[in-house]
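Those protein sequences? They're chains A and B, same order as listed.
Counting from 1 along the first sequence, just add 234 to a position and that's the residue number in my numbering.
Counting from 1 along the second sequence, just add 68 to a position and that's the residue number in my numbering.
For every residue, glycine included, the Cβ atom is placed at its ideal position computed from N, Cα and C.
Inspection log for the structure reproduced underneath, given as structure tokens.
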Amino acid sequence: MRDNILNVKDLNVWYRDFQALKDVNIDVLSNKVTALIGPSGCGKSTMLRCINRMNDLIPDAKIEGEINFDGENINSNHLDPIYVRSKIGMVFQKPNPFPKSIFDNVAFGLRINGFKGSIEDEVEKSLKKAALWEDVKDRLKDGALELSGGQQQRLCIARTLAVNPQVMLMDEPASALDPIATLAIEELIRELSSEVSIVIVTHNMQQAARISHRTAFFMVDENRCGYMVEEGETNQIFTDPHDERTESYITGRFS
Amino acid sequence: MENNIFHRNIKRRQNVGKLFYIILLLFSLIGLIGLSALLIQILRDGLPYLSTNIIFNYPSRHIDQAGLKSALFGTLWILSLTALISLPIGMGAAIYLEEFAKKNWITNFIEINIGNLAGVPSIVYGLLGLTIFVELLGLGRVVLAGALTMTLLILPIIILSTRESIKAVPNSYREAALALGATKWQMVKRVVLPIAFPGFLTGAILAMSRAIGESAPMIAISALVYITFIPSHAMDRFTVLPIQIFNWISRPQAEFAGLAAAGIIVLLTVLLLMNAVAVYFRNRYQVKSNE
Chain A
235 MRDNILNVKD LNVWYRDFQA LKDVNIDVLS NKVTALIGPS GCGKSTMLRC
285 INRMNDLIPD AKIEGEINFD GENINSNHLD PIYVRSKIGM VFQKPNPFPK
335 SIFDNVAFGL RINGFKGSIE DEVEKSLKKA ALWEDVKDRL KDGALELSGG
385 QQQRLCIART LAVNPQVMLM DEPASALDPI ATLAIEELIR ELSSEVSIVI
435 VTHNMQQAAR ISHRTAFFMV DENRCGYMVE EGETNQIFTD PHDERTESYI
485 TGRFS
Chain B
69 MENNIFHRNI KRRQNVGKLF YIILLLFSLI GLIGLSALLI QILRDGLPYL
119 STNIIFNYPS RHIDQAGLKS ALFGTLWILS LTALISLPIG MGAAIYLEEF
169 AKKNWITNFI EINIGNLAGV PSIVYGLLGL TIFVELLGLG RVVLAGALTM
219 TLLILPIIIL STRESIKAVP NSYREAALAL GATKWQMVKR VVLPIAFPGF
269 LTGAILAMSR AIGESAPMIA ISALVYITFI PSHAMDRFTV LPIQIFNWIS
319 RPQAEFAGLA AAGIIVLLTV LLLMNAVAVY FRNRYQVKSN E
């Protein structure tokens with residue numbers, strides 16, 4: 235049996251009457267980067283937001299199927315979404331550090347989750363993991379919004395890591411950044427995968443090819459409902475896809 | 069060839085733009101001119117009568133001894149008590165409606181009616197206060213009854229403005245907090261409220277400015293002008309500045325009109341001081357935002 239941290243079984247998502255995602259089955263492997271790729275509106279982000287129950291915030295969302303994590307089904311009512319989110323972190327498309335100091339941003343998750351150790355040490359550790367410590371160690375009290383876009387996104391990653399999640403979900407984390415900051419984030423993602431499992435949504439296929447170990451390709455049907463076409467080793471998906479739709483997409487025949 | 073299709077008329081379009089610039093500038097100056105005229109008039113009439121006497125003396129029918137000490141302290145009492153009661157209730161209601169309440173027909177109904185209440189004439193609140201607080205609850209014509217009546221009057225304003233400042237907090241901050249495992253209350257307390265706080269103060273300024281100038285509801289419930297003591301507790305009788313000013317202005321002697329103008333200067337000073345404090349705090353807590 236493969237060492238998977240998440241196992242998604244027959245996932246279906248509706249927003250009111252509109253089905254957004256159909257019959258998704260996928261395993262997410264421990265300490266690997268899994269990329270979700272596919273055209274706009276194919277349900278990649280919806281998929282991501284199911285994993286940490288962020289879809290609960292949308293009033294008319296209905297989610298069926300299992301998302302097994304740590305022996306429990308995330309998608310069942312007896313598991314508190316607050317607990318799920320503290321174990322499965324999320325980094326958003328647009329850097330969204332709080333308008334607080336750099337320190338307070340990273341300490342936020344520690345404080346709300348009742349962290350008992352030294353907050354200072356943990357903040358330093360998280361900033362180091364996110365490769366931001368050297369940039370900010372002398373100005374931890376400065377406002378987070380004074381940082382550049384790339385630094386802000388690394389701060390958001392540090393903030394997520396501080397809570398010590400087992401899985402980190404990333405929703406196009408580099409799409410609002412310039413090419414240099416993007417490369418830095420990509421490098422960071424690759425490094426971090428040694429200690430946290432990462433699921434990343436990206437529009438950028440080169441990015442998926444560069445950073446991910448495994449890739450899942452999603453498409454959207456004529457009813458605008460998303461579904462997964464295939465999933466496998468990134469290398470195999472990009473060089474020898476089983477499905478011709480995957481091949482058309484990655485060779486750029488449609489987008 | 070191209071010129072046959074486009075009639076660019078840049079000169080004309082620029083002139084239309086300039087014309088509207090001037091029209092809009094004039095419109096905005098009207099308010100400013102009106103306000104300046106009012107202030108100059110008041111200062112001219114009132115300054116000769118402004119003295120320490122008027123602040124430290126109680127009302128009197130002798131012009132040289134007449135003051136508004138009781139009304140000034142009555143106003144300060146009413147304002148403080150009103151703020152103490154209305155700000156927590158108004159902000160609480162706004163936070164509930166904005167962050168916690170499910171959007172359904174009941175909350176819609178509440179929303180529409182809060183909007184309606186903001187437009188109800190103040191005398192109606194005065195009569196309501198008279199009926200409920202003074203008569204039914206038997207409080208009498210006291211500071212507490214006045215403050216409660218004022219609270220009814222300005223609650224809709226506080227709720228509406230607080231909701232606006234909560235709405236202005238970008239959703240991305242809420243998502244960030246929740247994704248870190250925050251409960252809804254933790255998110256509200258640690259992220260939303262600090263960001264919305266400067267906006268709360270703006271709303272509070274608006275509401276308290278409304279309260280300080282209102283005379284109709286106070287006339288309805290207090291109806292007292294001649295008071296020669298300072299309220300020492302919430303169950304004391306009282307009067308307020310607008311009533312004192314109204315009383316002076318309705319007297320036949322011309323000198324009392326001057327006193328009234330001096331009273332208005334005192335009222336405006338209290339208002340400006342209050343606003344200055346709020347603006348100071350607002351600027352201090354103003355946070356930069358990415359949005």
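Inset, instruction - Let me know if A/Gln-440 comes out buried or exposed under the rule of 16 or more other beta-carbons within 10 Å of its beta-carbon. - result: Translated into positions along the first sequence, residue 440 of chain A becomes position 206. Exposed: under 16 other Cβ atoms inside 10 Å.
Inset, instruction - Taking B/Arg-81 as the query, report the chain A residues whose CB atoms sit under 9 Å from its CB, ordered along the chain. - result: On the second sequence, position 13 is the one that residue 81 of chain B refers to. The premise fails here: B/Arg-81 is roughly 36 Å from chain A at the closest Cβ pair, so nothing lies under 9 Å.
Legend entry - 7 Å Cβ cut-off: residues of chain A touching B/Val-259: Here the question's residue 259 of chain B lines up with position 191 in the second sequence. Here the neighbours are Phe-332.
Legend entry - Cβ neighbour criterion (16 or more within 10 Å) applied to B/Tyr-89: Here residue 89 of chain B refers to the residue found at position 21 of the second sequence. Exposed, since its Cβ has fewer than 16 Cβ neighbours within 10 Å.
Inset, instruction - State yes or no: is the C-beta of B/Phe-314 within less than 8 Å of the C-beta of B/Ser-283? - result: In the second sequence, counting from the first residue as 1, residue 314 of chain B sits at position 246. In the second sequence, counting from the first residue as 1, residue 283 of chain B sits at position 215. A contact, by the Cβ cut-off of 8 Å.
Legend entry - Rounded Cβ spacing between A/Cys-390 and A/Pro-329 (contact assumed at less than 8 Å): Translated into the one-based positions of the first sequence, residue 390 of chain A becomes position 156. Translated into the one-based positions of the first sequence, residue 329 of chain A becomes position 95. About 6 Å separates the two Cβ atoms, so the contact holds.
Inset, instruction - Please classify B/Met-303: does DSSP put it in a helix, a strand, or coil? - result: Locating residue 303 of chain B in the second sequence gives position 235, counting from the first residue. Coil, per DSSP.
Inset, instruction - Taking only the alpha-carbon atoms, compute the straight-line gap between B/Thr-217 and B/Ile-333 and give it to the nearest angstrom. - result: Reading the second sequence from its first residue, position 149 is the one you call residue 217 of chain B. Reading the second sequence from its first residue, position 265 is the one you call residue 333 of chain B. Whole-angstrom Cα-Cα distance: 25 Å.
Legend entry - 8 Å Cβ shell around A/Asn-238 - same chain, five flanking residues per side excluded: For this step, residue 238 of chain A is matched to residue 4 along the first sequence. The answer, listed in chain order, is Asp-261, Val-262, Leu-263, Ser-264.
Inset, instruction - In the DSSP assignment, find the beta strand (DSSP E) that holds A/Met-402 and state where it starts and stops. - result: Position 168 of the first sequence, counting from 1, holds the residue named residue 402 of chain A. The continuous beta strand (DSSP E) containing A/Met-402 extends over residues 401-405.
Inset, instruction - Identify the contact partners of B/Thr-251 in chain E, using a Cβ-Cβ distance below 7 Å as the criterion. - result: The structure shown contains no chain E; its protein chains are A and B.
Inset, instruction - Please list, in chain order, all residues of the same chain as B/Glu-179 whose beta carbon is under 8 Å from its beta carbon, the five residues on each side excluded. - result: Indexing the second sequence from 1 puts residue 179 of chain B at position 111. Cβ neighbours of B/Glu-179 beyond the five flanking positions: Leu-165.
Legend entry - Pairwise C-alpha distance: B/Val-308 and B/Pro-116: Sequence index remark: in the second sequence, residue 116 of chain B carries index 48 (1-based). Sequence index remark: in the second sequence, residue 308 of chain B carries index 240 (1-based). For B/Pro-116 and B/Val-308, the distance between alpha carbons rounds to 22 Å.
Inset, instruction - Would you tell me roughly how many angstroms separate the C-alpha atoms of B/Asn-358 and B/Ile-298, rounded to the nearest one? - result: For the purposes of this step, residue 358 of chain B is identified with residue 290 of the second sequence, where counting begins at 1. For the purposes of this step, residue 298 of chain B is identified with residue 230 of the second sequence, where counting begins at 1. The predicted model places B/Asn-358 with a pLDDT of 49, which falls under 50 and marks its position as unreliable, so this point remains unresolved.
Legend entry - Reference A/Leu-344; option with closest CA among A/Arg-393, A/Ser-431, A/Asn-438: One-based indexing of the first sequence puts residue 344 of chain A at position 110. Selected option, being the one with the closest Cα: A/Arg-393.
Inset, instruction - Name, going along the chain, the residues of the region 313-331 of chain B whose beta-carbon falls closer than 8 Å to a beta-carbon of chain A. - result: Listed in sequence order: no entries.
Legend entry - Where A/Gly-275 sits in the DSSP three-state scheme: Translated into positions along the first sequence, residue 275 of chain A becomes position 41. It is coil, neither helix nor strand.
Inset, instruction - Taking only beta-carbon positions, decide if B/Leu-195 is within less than 8 Å of chain A. - result: For the purposes of this step, residue 195 of chain B is identified with residue 127 of the second sequence, where counting begins at 1. No, because no Cβ of chain A sits closer than 8 Å to the Cβ of B/Leu-195.
Legend entry - A/Asn-438, enclosing alpha helix (DSSP H) - first and last residue: What you label residue 438 of chain A is simply residue 204 of the first sequence in a count that begins at 1. No alpha helix (DSSP H) contains A/Asn-438, which DSSP labels as neither H nor E.
Legend entry - Inter-residue Cα distance where the pair is A/Arg-287 and A/Ile-308: On the first sequence, residue 287 of chain A is found 53 positions in, with the first residue counted as 1. On the first sequence, residue 308 of chain A is found 74 positions in, with the first residue counted as 1. One C-alpha to the other measures close to 8 Å.
Legend entry - Presumed contact (8 Å Cβ cut-off) between A/Gly-322 and A/Val-247, rounded CB distance: What you label residue 322 of chain A is simply residue 88 of the first sequence in a count that begins at 1. What you label residue 247 of chain A is simply residue 13 of the first sequence in a count that begins at 1. For the record, residue 322 of chain A in the displayed sequence is Ile; it is not Gly. In fact, because the Cβ distance is near 17 Å, the residues do not count as touching under 8 Å.
Inset, instruction - Using a Cβ cut-off of 7 Å, pull out every chain A residue sitting near B/Ser-233, in sequence order please. - result: The residue you call residue 233 of chain B lines up with position 165 of the second sequence. Going along chain A, no residue has its Cβ under 7 Å from B/Ser-233, so there is no contact; the nearest lies around 14 Å.
Legend entry - Cβ-heavy atom distance, A/Asp-355 to the ligand MN, below 7 Å: Among the components of this structure there are no ligands whatsoever, and the ligand MN is therefore not found.
Inset, instruction - Could you tell me whether the Cβ of A/Ile-346 comes closer than 8 Å to any Cβ of chain B? - result: Your numbering for residue 346 of chain A matches position 112 in the first sequence. Taking Cβ atoms only, chain B reaches closer than 8 Å to A/Ile-346, which makes this a yes.
Legend entry - Beta-ladder partner(s) of A/Asp-198, from DSSP: There is no way to answer for residue 198 of chain A, as the model of chain A reaches only from 235 to 489.
Inset, instruction - Please confirm if the region 316-325 of chain B is in contact with the region 225-241 of chain B, defined as three or more CB-CB distances below 8 Å between the two stretches. - result: Result no; under three Cβ-Cβ pairs closer than 8 Å.
Inset, instruction - Output yes or no for whether 8 Å exceeds the beta carbon distance between B/Val-211 and B/Asp-304. - result: Along the second sequence, read from residue 1 onward, the residue named residue 211 of chain B stands at position 143. Along the second sequence, read from residue 1 onward, the residue named residue 304 of chain B stands at position 236. Contact: yes.
Legend entry - Given A/Ile-414 as reference, the closest of A/Ser-382, A/Thr-436, A/Leu-426 once Cα atoms are compared: The count along the first sequence starts at 1 and reaches residue 414 of chain A at position 180. Minimum Cα distance to A/Ile-414 is reached at A/Ser-382.
Inset, instruction - Please classify B/Ile-174: does DSSP put it in a helix, a strand, or coil? - result: Here residue 174 of chain B refers to the residue found at position 106 of the second sequence. Looking at B/Ile-174 - three-state DSSP - the assignment turns out to be helix.
Inset, instruction - Assign A/Asp-257 to buried or exposed, taking buried as 16 or more other Cβ atoms, counted over all protein chains shown, within 10 Å of its Cβ. - result: Within the first sequence, numbered from 1, the residue matching residue 257 of chain A stands at position 23. Exposed: under 16 other Cβ atoms inside 10 Å.
Legend entry - C-alpha gap between B/Gly-102 and B/Ile-222, whole angstroms: On the second sequence, residue 102 of chain B is found 34 positions in, with the first residue counted as 1. On the second sequence, residue 222 of chain B is found 154 positions in, with the first residue counted as 1. Straight-line Cα distance between these residues: approximately 26 Å.
Legend entry - Member of B/Val-192, B/Ile-174, B/Arg-352, B/Leu-118 whose CA lies at the smallest distance from the CA of B/Thr-337: Start at 1 with the first residue of the second sequence, and residue 337 of chain B comes out as number 269. Ranking the options by Cα distance to B/Thr-337, first place goes to B/Leu-118.
Legend entry - Reduced DSSP secondary structure (H/G/I, E/B, other) of A/Ile-214: Past the boundaries of the shown model lies residue 214 of chain A; chain A is included only from 235 to 489, so the question cannot be answered.
Inset, instruction - Consider the Cβ of A/Arg-250: report whether some Cβ of chain B lies at a distance smaller than 8 Å. - result: Mapped onto the first sequence, residue 250 of chain A falls at position 16. For A/Arg-250, not one C-beta of chain B is nearer than 8 Å to its own C-beta.
Legend entry - Cutoff 7 Å; reference B/Asn-125; Cβ partners in own chain excluding five residues on either side: Along the second sequence, read from residue 1 onward, the residue named residue 125 of chain B stands at position 57. Cβ within range, chain order: Gln-133, Ala-134, Gly-135, Lys-137.
Legend entry - For A/Asp-261, the first and last residue of its enclosing alpha helix (DSSP H): As a working mapping, residue 261 of chain A is identified with position 27 in the first sequence. Per DSSP, A/Asp-261 is not a residue of any alpha helix (DSSP H); the beta strand (DSSP E) it occupies stretches across 252-263.
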